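There are 4 protein chains.
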Amino acid sequence: VSAPVRIGVLGVGRIGRLHARLIAGGDVEGLKLSALYDVDGDAARVVGDALGTQIMSSAEELMGSPRTDALAICTSTDTHVDLLVTAAEIGKPVFLEKPVSLDLAEVDRGLAAAEGAGLFLQIGFNRRFDPAHASVRDATAAGEIGELHLVRITSRDAAPPSLAYIRVSGGIFLDMTVHDFDMARFVTGAEVDEVFALGDVRVDPEIGRAGDLDTAVVTLRHADRVLTVIDNSRRAAYGYDQRVEAFGSAGMAASHNPLAHTGAVTTESGTRAQALPHVFVERYVPSYIAQWAAFERAVREGTRPPVTAQDGRAALVLGLAARRSVQEGRPVRTAEIG
Amino acid sequence: VSAPVRIGVLGVGRIGRLHARLIAGGDVEGLKLSALYDVDGDAARVVGDALGTQIMSSAEELMGSPRTDALAICTSTDTHVDLLVTAAEIGKPVFLEKPVSLDLAEVDRGLAAAEGAGLFLQIGFNRRFDPAHASVRDATAAGEIGELHLVRITSRDAAPPSLAYIRVSGGIFLDMTVHDFDMARFVTGAEVDEVFALGDVRVDPEIGRAGDLDTAVVTLRHADRVLTVIDNSRRAAYGYDQRVEAFGSAGMAASHNPLAHTGAVTTESGTRAQALPHVFVERYVPSYIAQWAAFERAVREGTRPPVTAQDGRAALVLGLAARRSVQEGRPVRTAEIG
Amino acid sequence: VSAPVRIGVLGVGRIGRLHARLIAGGDVEGLKLSALYDVDGDAARVVGDALGTQIMSSAEELMGSPRTDALAICTSTDTHVDLLVTAAEIGKPVFLEKPVSLDLAEVDRGLAAAEGAGLFLQIGFNRRFDPAHASVRDATAAGEIGELHLVRITSRDAAPPSLAYIRVSGGIFLDMTVHDFDMARFVTGAEVDEVFALGDVRVDPEIGRAGDLDTAVVTLRHADRVLTVIDNSRRAAYGYDQRVEAFGSAGMAASHNPLAHTGAVTTESGTRAQALPHVFVERYVPSYIAQWAAFERAVREGTRPPVTAQDGRAALVLGLAARRSVQEGRPVRTAEIG
Amino acid sequence: VSAPVRIGVLGVGRIGRLHARLIAGGDVEGLKLSALYDVDGDAARVVGDALGTQIMSSAEELMGSPRTDALAICTSTDTHVDLLVTAAEIGKPVFLEKPVSLDLAEVDRGLAAAEGAGLFLQIGFNRRFDPAHASVRDATAAGEIGELHLVRITSRDAAPPSLAYIRVSGGIFLDMTVHDFDMARFVTGAEVDEVFALGDVRVDPEIGRAGDLDTAVVTLRHADRVLTVIDNSRRAAYGYDQRVEAFGSAGMAASHNPLAHTGAVTTESGTRAQALPHVFVERYVPSYIAQWAAFERAVREGTRPPVTAQDGRAALVLGLAARRSVQEGRPVRTAEIG
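Residue numbers (the numbering used here), protein chains in the order written: chain A, 39 to 376; chain B, 39 to 376; chain C, 39 to 376; chain D, 39 to 376.
Below, the structure written as structure tokens:
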């Protein structure tokens, strides 16, 4: 066995902390947590103490440290591209949390730097690694459902994020549907030509006052003629609801929601089963682990990242197209966006 | 107990024969089959012999017969309105198979006659009476899922109809999605303001050559802001697929597909359960029986028909709007149609 | 097509009425209801009027009528053997409701008469014809689950029968478990060597005072070493619960309970699905129809009845063994019974 | 927050290593791994290196170490009682893997020592902490299913253990059914009066030659008249199968098997869902975590262990009774065993 890949994590907010913990806990063979940095030094210290990991005093120090082989950039979105450019100069493999940026020009600046440097750059669309969703993609790619005609994606959060987050997130299409746009591209293996989006504020009027939507239906026409329909809500009372269905000439492949547990009670009034887990990590921990395993494998074997910067860019374009579609009340071609 | 309502059935094609058989077989308390008529005398005789029922020599004779209390009009669509006008003159309660007509002006002529005569007129949207779909409506109407936000309808036939049928049916939105449009109005209890439809020919190029589509996604914006999304295919390899899901502020109500039977085999390669029934009557027989029971009850009690002529008209308007939306590549307001 | 087999039904209690109605309603191709008889003339008249069928004034008249090709004996159990002996003399094919008799000597007298006359005699173990249970047998017989090791049968009624019935039924093992004993023999295709039964009165003390049990667990050791375990209750609050599971070296085959319908509501407190149907005919109508289709086919083709008199006898032996096992608190070999 | 409870783990075989890893990985708040010992020093070093934990040179050194607050005894069964006696002398809280011993006299020696010393002693029946099984117990205890009548437990391993293990394990009733005996006592909350067991060698004749069985059905009559039926196999081709069902006067509560994932493919030949996980830890990791959380809570709060030494003893008595029942072909009263 060769030496483990030593990961330095930048940013220990909710998602950065999760990555750090999974890497430190031995859940992924071949990875080791080597260092942490966060602009909030106290936050970094709490996580570092719990995981027995070194805290760096600056992003640059962490990125340049000889004890760090690869970087996980989990900082706030507005810092992504600058850090990416620095990482490209240093030349260490990068795992970058989505979205790359909310600004397409910025994304292109980051991508240009990464491509120029031949950087290994993987984007954090973890749902591709969920075993159930991946089985939908696999069955489709293997031809088990024949020629693909339709994709249905339901994606509903258990609770809205904070208004503070909503104000900077770019809105529902960029912070939430973006995952579903990526799933649509992943399952179909095809780009999108046209987007039509309907949206409304039904969950909380404060979300509307913050300039955002909380309920949406988006239809996509892919370049290979597949039609995808996505429905979103920022609040499903029964928990975190994530389902994908691919329908083709020979059948359908679908991922359903795992329940909190399999116990059920049956009485005169019927059978009562569990609600869904309410926290996204309960559902998606296996996908985060599998995502890191894929990162480790690709870095070690020198292959292409399993999720590329172009995947990140394409999902952003779809989000921007959906936003314009709602604003203008018409289908929008992705070619109009960039 | 009072005397049964004696039903005369006009038209003994597939659906007329089904109605005649259910009424004759004693499946609905309070109804009795009294007479049949079909323009094809041989067809009428075969069915009449099997069910031990009198054959009439003309529609008028059947409609006017003193042994017939109420009429089931199950003839070809182009004859519906003329027969409806005659029935309105005679004044016997009418069960009319959908669609009333493919022509909105004709529908309005029929409705005017029926309204003018104060005719009891029930339209055959049988799916409203399916116990699973009805439970979605009931849970929604009872507030069990809070305020309604989204409706998802999947409706896929097991096999396309004949090309001969497709050429006269008015196309997928009028012969197939029309059921889903009615379901959307039924579940939401709200009219529709705007329709956006995507469609394609993926199942069989012959369908395209006949001027129709076989794959579609339609989104509706209802007057009460609910969003409905419908997906259709004329051919689901695994059988007749009919699901409705209503999502609201407090949860969701959904109807799933009953399987052919509940047996399953589990081996190393997983669990294999049954496919779906392939024939629509296997799925919907209980709904046809419940539909007749509702007819019987409403006629006997003198109440409003459970599915009205306006319901038939509204579904047609949505079908026409969807057709135009595909043609013009834009959302279409129902107010544009009529 | 040849002429239909004309069935005369003896006894129009709950089960005889069901058979008469299914045959009259055209649910089984190739069968026709020709006549009815019941010791209660009024009951016979009510059913005969509803179905438009002739009433005979005696069992002998019905059995001998030239308009009747085959007989359905659905009278009370104590009359079965005498009617069977008469039918054997007349020589018309017989469908006989289970149990043949509660007395093994009587069963043997009836079987001797039938065998002596070469009578076609089919016993009414309808559950063999349920598509889900039959799929368990089929998967097992086809080797899909490898070598069979274990069978699990759960069989719980929705409500106990009347105490009047319980007093003459022979008790839970002869009136209820007898179906499960037949299912065990059907699924395994093997006789039973040894029976161990536990029973108690938990549902209603009146059942105990009537000399019966209402809750039981029975284990069987089959001649081919398969182990079967059956659990029974006379009252399942959630409806009629009937499940069969066969486990073998390569997997398992199982039949589950169909729900009243497939609608479900999901809220913060979980998903609530329907209870089970409460009436056995709702669950088993398809099996009754398939049973008559198998009768028709075997009679027409001159093949062996799909369920034989020996099947009826064997189930009775198991019931008597279970009764003795409870009385004596020990496993009982079927060879001890007869 | 107070200081964590520091756990020393004795024995790092499969189950000891799992406990060590869960404690070290931060999965249980309030626990910390302090030291390891194994009679196989190399094995101990491998685990200790991976988890960054100190290796002790003897059991006594680990047990007496001032850096260890509580002990997890995960060594081979034959060493349990001696270690327990030592732990009782030292007086540190003990988590003891099941079985305490295969010899009832030895169990009693260990229990006497523990009781004499007032030792906190928790037995490792982890399935009580599985959320689905626990929900069956909770629904039953809360009266949701009324008065309990029947319990059904299916418990089938994905693959038999090694023959070496089988030769020293005490046989199927002591190494495998013992978990189900504990589950029966847990769900019912009642002791068992009588045991009847059927067993056979169906999976592998080598198991028979090693003196053991691989297929069994056991029925229990509890002191409160509840009947429990357990079926076991040492090899389920489709994976690790663990289900519990409690049936009572008002309904039933059941735990089902979680699938490897929720993806499914539906084609003309039906729906194919995943098989079950094959490794027990995949199914039961949440139960192991919850078991440690309960240990931590009880130790910290000074309450009674959630699973007591008497629970361990009672399950052993049932295993011995089942063994005798098979040997003698009769129901065996637990009072006969001890």
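Just so you know, even glycine gets a beta-carbon here, dropped at the ideal spot from N, CA and C.
This structure is a prediction, so every number in the text was calculated from the model and none was measured.
Residue state for His316 of chain C is assigned as coil, using DSSP reduced to three classes. Rounded to whole angstroms, the Cβ separation of Phe219 of chain C and Gly357 of chain C is 6 Å, and the two are in contact under 8 Å. Here Val206 of chain B is exposed: its Cβ has fewer than 16 other Cβ atoms, across all protein chains shown, within 10 Å. Listed in chain order, the positions of the region 230 to 241 of chain B with a beta carbon within less than 8 Å of a beta carbon of chain A are Phe234, Leu236, Asp238, Arg240, Val241. Annotation for Arg190 of chain C: the continuous beta strand (DSSP E) segment containing it runs 186 to 194. If you draw a straight line from the Cα of Thr257 of chain D to the Cα of Ala275 of chain D, it comes to about 24 Å. For the pair of segments examined, the region 342 to 356 of chain D was found to touch the region 160 to 170 of chain D: the number of CB pairs separated by less than 8 Å reaches three.
When the beta-carbon positions are compared, Leu69 of chain B and Thr113 of chain B stay at least 7 Å from each other. It is roughly 39 Å from the alpha-carbon of Leu251 of chain C to the alpha-carbon of Ala298 of chain A. The C-beta distance from Ala332 of chain A to Phe167 of chain A rounds to 7 Å, short enough to fall under 8 Å. The three-state secondary structure of Val66 of chain B, taken from DSSP, is coil.
Chain-order list of chain A residues neighbouring His316 of chain D: empty, with the shortest C-beta distance near 15 Å, by a criterion of under 9 Å. Nearest to Ile111 of chain D by alpha-carbon distance, out of D:Thr91, D:Leu212, D:Val138, is D:Val138. No Cβ of chain C is located within less than 7 Å of the beta carbon of Pro199 of chain B. Contact annotation: Gly308 of chain A and Arg310 of chain C have beta-carbon atoms nearer than 7 Å. By the beta-carbon neighbour count (other beta carbons within 10 angstroms, threshold 16), Gln365 of chain B is exposed. Taking the Cα positions, Glu135 of chain B is about 47 Å away from Ile183 of chain D. Chain order gives no chain B residues near Thr253 of chain D, where near means a beta carbon separation below 7 Å; the closest approach is about 17 Å.
Under the three-state reduction of DSSP output, Ile204 of chain A falls in the helix class. Residues of the region 295 to 309 of chain C whose Cβ lies closer than 8 Å to any Cβ of chain B, in chain order: Asn295, Pro296, Ala298, His299, Thr300, Gly301, Ala302, Val303, Thr304, Thr305, Glu306. Ala228 of chain C is a Cβ neighbour of His260 of chain C, given a cutoff of 7 Å. Nearest neighbour of Leu100 of chain C by Cα position, chosen from C:Thr115, C:Asp116, C:Leu121, C:Gln280, turns out to be C:Leu121.
Here Arg338 of chain B is exposed, its C-beta having fewer than 16 other C-beta atoms within 10 Å. With a threshold of 7 Å between beta carbons, Ala275 of chain B makes contact with chain A. Ranked by Cα distance from Leu89 of chain B, the options C:Asp65, C:Ala352, C:Tyr278 are led by C:Asp65.
Two segments are said to touch when three or more pairs of C-beta atoms, one from each, lie closer than 8 Å; by this definition the region 282 to 295 of chain C touches the region 268 to 282 of chain D. Rounded to the nearest whole angstrom, the C-alpha separation of Ala170 of chain D and Val85 of chain B is 55 Å. Assignment of Arg281 of chain C by DSSP, reduced to helix, strand and coil, places it in the strand class. For Glu374 of chain A, there is no enclosing beta strand (DSSP E), as DSSP marks it with neither H nor E.
If the five residues before and after Ser103 of chain D are omitted, its C-beta is found closer than 8 Å to the C-beta atoms of Gly46, Ser72, Ala73, Met94, all from its own chain and listed in chain order.
Excluding the 5 residues flanking it on each side, Ser193 of chain C has same chain C-beta neighbours closer than 6 Å at Asp218, Asn270, Gln280, in chain order. One thing to note: Val370 of chain A has its Cβ within 7 Å of the Cβ of Ser363 of chain A.
In the three-state DSSP reduction, Arg273 of chain B falls in the coil class, being neither helix nor strand.
Under the three-state reduction of DSSP output, His260 of chain A falls in the strand class. Rounded to the nearest angstrom, the gap between the Cα atoms of Leu236 of chain A and Ala81 of chain B is 49 Å. Ala180 of chain D sits in coil when the DSSP states are folded into three classes, being neither helix nor strand.
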